[in-house]
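A short write-up of the structure that comes next.
Number of protein chains: 2
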Amino acid sequence: MKKYIGIDLGGTNVRVAKVTAAGEILAEIKSPSYAQDGPSKVMENLIRCIKEIEGHKDCAGIGVGVPGPVDTSKGEMLMATNLPGFVHFPLAKTLEDEFGIPTFVDNDANVAGLAEALVGAGKGLPIVYYVTHSTGIGGALIVDGKVVSGKHGHAGEIGNIIIDRARKKYNHLNVGAVENETSGTALIRIAREVIDENITSAGELFALAKAGEQQALDIVDTMAFDFAMMFSAIAHVCDPHAFIVGGGVMKSKDLYFEKMIDYYKQHVHTGMRTVEFKGAMLAEPGLIGAAMLPVSFGK
Amino acid sequence: MKKYIGIDLGGTNVRVAKVTAAGEILAEIKSPSYAQDGPSKVMENLIRCIKEIEGHKDCAGIGVGVPGPVDTSKGEMLMATNLPGFVHFPLAKTLEDEFGIPTFVDNDANVAGLAEALVGAGKGLPIVYYVTHSTGIGGALIVDGKVVSGKHGHAGEIGNIIIDRARKKYNHLNVGAVENETSGTALIRIAREVIDENITSAGELFALAKAGEQQALDIVDTMAFDFAMMFSAIAHVCDPHAFIVGGGVMKSKDLYFEKMIDYYKQHVHTGMRTVEFKGAMLAEPGLIGAAMLPVSFGK
Chain Z
0 MKKYIGIDLG GTNVRVAKVT AAGEILAEIK SPSYAQDGPS KVMENLIRCI
50 KEIEGHKDCA GIGVGVPGPV DTSKGEMLMA TNLPGFVHFP LAKTLEDEFG
100 IPTFVDNDAN VAGLAEALVG AGKGLPIVYY VTHSTGIGGA LIVDGKVVSG
150 KHGHAGEIGN IIIDRARKKY NHLNVGAVEN ETSGTALIRI AREVIDENIT
200 SAGELFALAK AGEQQALDIV DTMAFDFAMM FSAIAHVCDP HAFIVGGGVM
250 KSKDLYFEKM IDYYKQHVHT GMRTVEFKGA MLAEPGLIGA AMLPVSFGK
Chain G
0 MKKYIGIDLG GTNVRVAKVT AAGEILAEIK SPSYAQDGPS KVMENLIRCI
50 KEIEGHKDCA GIGVGVPGPV DTSKGEMLMA TNLPGFVHFP LAKTLEDEFG
100 IPTFVDNDAN VAGLAEALVG AGKGLPIVYY VTHSTGIGGA LIVDGKVVSG
150 KHGHAGEIGN IIIDRARKKY NHLNVGAVEN ETSGTALIRI AREVIDENIT
200 SAGELFALAK AGEQQALDIV DTMAFDFAMM FSAIAHVCDP HAFIVGGGVM
250 KSKDLYFEKM IDYYKQHVHT GMRTVEFKGA MLAEPGLIGA AMLPVSFGK
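This is how it looks when you write it as structure tokens:
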């Protein structure tokens, strides 16, 4: 079976793995990424890590997941808040020149979605929409085993979808953006406003809801409705075979996921109600998905 | 150059054309579709029409556009209000058995979008989102020259996207569905409520706006804003290279299109503002797009 190098390049750490085409991790190395030292130091360290992987010369391609939008045709980042100097730095080309194998770059949400679509909860399905329900909300559209990254690398920036224009302005996102109303961060803000200003995590809110606290139940119910409005919008745009939902908030899925799906069904055409909603299943979608990038391009 | 049979099968008429791979119509036949007489009569007549096309035996494939969602993998309709008896009728298979060439079916919005993506305003662009602004609102997602039809054939049912939940319930669509607030039909309803109950067309409303009538200007401005919210939602889902907008309301585009694009830019991430908005350019997107279906599958 073919093997690939998957890289999860972040602002703090970089992880490099050798992964089979079936998504099995055979070897893994972790290192500081040296992001603050700039691209040449980051790349020098990254190349060293890859060379430490046993059998890296037998790999058929390299994939890199990065924190920000990517021009996937060039393999360059378009925004790089956590990787200074990487905007339009030739990330893919540098690795291709060093190792002589095809190299692809995409953002971390797209890469995680690709992993779930190819070897995770969406395996075998033609159209998968991956959603992360975490401190923020992101996503990825995968069609026929390939990420639809978009003109500006912004496909899947679904956290900015407006689910109710009659909300407050909080930040650079749209008024009523779903991320500002349903993310883990939003849940903490709302719980502090409504219940107790000392709440510091979404988990505390869910614990209160589980204990039957009415205000907490109401907040979770509103979140489930608001979140469903985003899924409804996505479904009318591309009618996926499955929504695959990952991210930390999903640890509390027992308290909102079924309810959210019910609200979804009330807000789509009758013929669209059989879409599958699945929890993400991979422990390492970032590493595996990076390795799946060359696979998705037929390498 | 390869040639194809394109068919626009409607509830009243059927049109059959011989079309080149470049989208040039070489011959065309029109006939009643005999929809009320059921599938066997419709197909008998359709087969006769195809046989009347000179050189139909030299064509490399057949494509059919139909009014309703399609299971494109089977070439069968899933809903067929205007073509009684056609739900799960083997439309593609019947033509394949008769003519021995690959046959594909998709709904009329998807087919029109495909035409614009392959040989119209979106030619050469990887991701195109086509939108019809007409009595209703529909759309189509085309990625790498192929329609993304969806699990239930409902991709592009964007008329049901909620742009403001604080509106009224009118029909089977969602409260605040963009079609109920911005389509030609909606504009007539709103103009009657606000200006004059004798208004019978969106054109009358646009004429009043052009003459500087303030209420008409306000209605058109609100429509432009509401319509932009739908484009914002679509862009965050799939970040297309271009939106291509067709349909009868676009005859009045001078009065709203630029304004709508401005509102769009205010409601997407900075990096997404360079998406192209283009008017549809083909006179016969339905016929040409049907003929492009086999092209899109590499036939």
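So the sequences go chain by chain: Z and G. Once you know that position 120 of the first sequence is 119 in numbering that gives the first Met the number 0, the rest is easy, because the numbers rise by one and skip nothing. Once you know that position 228 of the second sequence is 227 in numbering that gives the first Met the number 0, the rest is easy, because the numbers rise by one and skip nothing. By construction, the Cβ of each residue, glycine as well, lies at the ideal position given by its N, Cα and C atoms. This structure is a prediction, so every number in the text was calculated from the model and none was measured.
Rounded distance between the beta-carbons of residue j and residue i, thought under 8 Å
{"i": "Pro68 of chain G", "j": "Leu77 of chain G", "result": "5 Å"}
{"i": "Gly152 of chain G", "j": "Thr71 of chain G", "result": "7 Å"}
{"i": "Leu82 of chain Z", "j": "Gly5 of chain Z", "result": "Leu82 of chain Z to Gly5 of chain Z, Cβ: 17 Å. No contact."}
{"i": "Ile160 of chain Z", "j": "His235 of chain G", "result": "5 Å"}
{"i": "Gly135 of chain Z", "j": "Glu203 of chain Z", "result": "About 19 Å separates the two Cβ atoms, so there is no contact after all."}
{"i": "Tyr262 of chain G", "j": "Ala223 of chain G", "result": "6 Å"}
{"i": "Gly60 of chain G", "j": "Ile100 of chain G", "result": "5 Å"}
{"i": "Gly137 of chain Z", "j": "Gly123 of chain Z", "result": "Not quite, the Cβ-Cβ distance comes to about 24 Å (not below 8 Å), so this is no contact."}
{"i": "Ser295 of chain Z", "j": "Val267 of chain Z", "result": "Actually they do not touch by this definition, with Cβ atoms about 28 Å apart."}
{"i": "Ser148 of chain G", "j": "Gly246 of chain G", "result": "About 20 Å; that fails the 8 Å criterion."}
{"i": "Gly183 of chain G", "j": "Val248 of chain G", "result": "5 Å"}
{"i": "Val142 of chain G", "j": "Val142 of chain Z", "result": "6 Å"}
{"i": "Ala139 of chain Z", "j": "Ala108 of chain Z", "result": "5 Å"}
Minimum Cβ-Cβ distance from residue i to chain G less than 8 Å
{"i": "Ala232 of chain Z", "result": "yes"}
{"i": "Pro239 of chain Z", "result": "yes"}
{"i": "Met271 of chain Z", "result": "yes"}
{"i": "Ile126 of chain Z", "result": "yes"}
{"i": "Val274 of chain Z", "result": "yes"}
Neighbourhood of residue i by C-beta, 6 Å cutoff - its chain only, sequence neighbours within 5 removed
{"i": "Thr19 of chain Z", "result": "Met0, Lys2"}
{"i": "Arg272 of chain G", "result": "Lys264"}
{"i": "Met280 of chain Z", "result": "Gly119, Ala120"}
{"i": "Lys167 of chain G", "result": "none"}
{"i": "Ala111 of chain G", "result": "Pro284, Gly285, Gly288"}
{"i": "Lys277 of chain G", "result": "Ala120, Ala241, Ile243"}
{"i": "Ala185 of chain G", "result": "Asn179"}
{"i": "Lys250 of chain Z", "result": "none"}
{"i": "Tyr33 of chain G", "result": "Lys40, Val41, Asn44"}
{"i": "Ala114 of chain G", "result": "Leu281, Pro284, Ile287, Gly288, Met291"}
{"i": "Glu97 of chain Z", "result": "Ile46"}
{"i": "Gly22 of chain Z", "result": "Val118, Ile287"}
Opposing strand residues paired with residue i [DSSP bridges]
{"i": "Gly202 of chain G", "result": "Gly202 of chain G is not bridged to any residue."}
{"i": "Glu75 of chain G", "result": "G:Asp70"}
{"i": "Gly62 of chain G", "result": "G:Gly5, G:Phe103"}
{"i": "Ile141 of chain G", "result": "G:Val127, G:Val146"}
{"i": "His132 of chain Z", "result": "Z:Ile136"}
{"i": "Gly278 of chain G", "result": "G:Val244"}
{"i": "Thr221 of chain G", "result": "Note: Thr221 of chain G sits in no beta bridge, so no partner."}
{"i": "Glu27 of chain Z", "result": "Z:Ala16"}
{"i": "Ala215 of chain Z", "result": "DSSP lists no partner for Ala215 of chain Z."}
{"i": "Ala34 of chain Z", "result": "None; Ala34 of chain Z has no bridge partner."}
{"i": "Ile346 of chain G", "result": "It is not possible to answer for residue 346 of chain G, since the shown part of chain G is limited to 0 through 298."}
{"i": "Ile161 of chain G", "result": "G:Ala176"}
{"i": "Val110 of chain Z", "result": "According to DSSP, Val110 of chain Z bridges with nothing at all."}
{"i": "Val86 of chain Z", "result": "Z:Met76"}
Nonlocal neighbours in the same chain, by C-beta distance under 7 Å from residue i, ignoring five residues either side
{"i": "Phe85 of chain G", "result": "Pro38, Met76, Ala79"}
{"i": "Ala290 of chain Z", "result": "Tyr3, Ile4, Gly5, Ala16, Val18, Gly62"}
{"i": "Met229 of chain Z", "result": "Ile157, Ile160, Ile162, Val177"}
{"i": "Ile233 of chain G", "result": "Tyr128, Ile157"}
C-beta neighbour in chain Z for residue i, strict 8 Å
{"i": "Met228 of chain G", "result": "yes"}
{"i": "Met78 of chain G", "result": "yes"}
{"i": "Pro101 of chain G", "result": "no"}
{"i": "Val236 of chain G", "result": "yes"}
Closer than 7 Å: residue i CB and nearest the ligand PLP heavy atom
{"i": "Phe98 of chain G", "result": "For the structure depicted, the ligand PLP is absent and the ligand set is empty, with no information on it obtainable."}
Neighbourhood of residue i by C-beta distance below 8 Å, restricted to the same chain and skipping five residues each side
{"i": "Arg332 of chain G", "result": "The question about residue 332 of chain G has no answer, for chain G in this structure spans 0 to 298."}
{"i": "Lys31 of chain Z", "result": "The amino acid occupying residue 31 of chain Z in the given sequence is Pro; Lys does not appear at that position. Only Thr11, Asn12, Val13, Asn44 meet the Cβ criterion."}
- Check distances from the C-beta atoms of the segment 148-174 of chain G to those of chain Z and list, in chain order, the residues that come in under 7 Å. Gly149, Lys150, His151, His153, Ala154, Glu156, Ile157, Asn159, Ile160, Ile161, Asp163, Arg164, Ala165, Asn173
- Select from the segment 56-68 of chain G all residues with a C-beta closer than 8 Å to any C-beta belonging to chain Z, and list them in chain order. Pro68
- Got a sec: which bits of the segment 126-142 of chain Z sit with their beta carbon under 7 Å from any beta carbon on chain G, in order along the chain? Ile126, Leu140, Val142
- Message: Please list, in chain order, the residues of the segment 249-273 of chain G that have any C-beta partner in chain Z closer than 8 Å.
- Response: His266, Val267, His268, Gly270, Met271, Thr273
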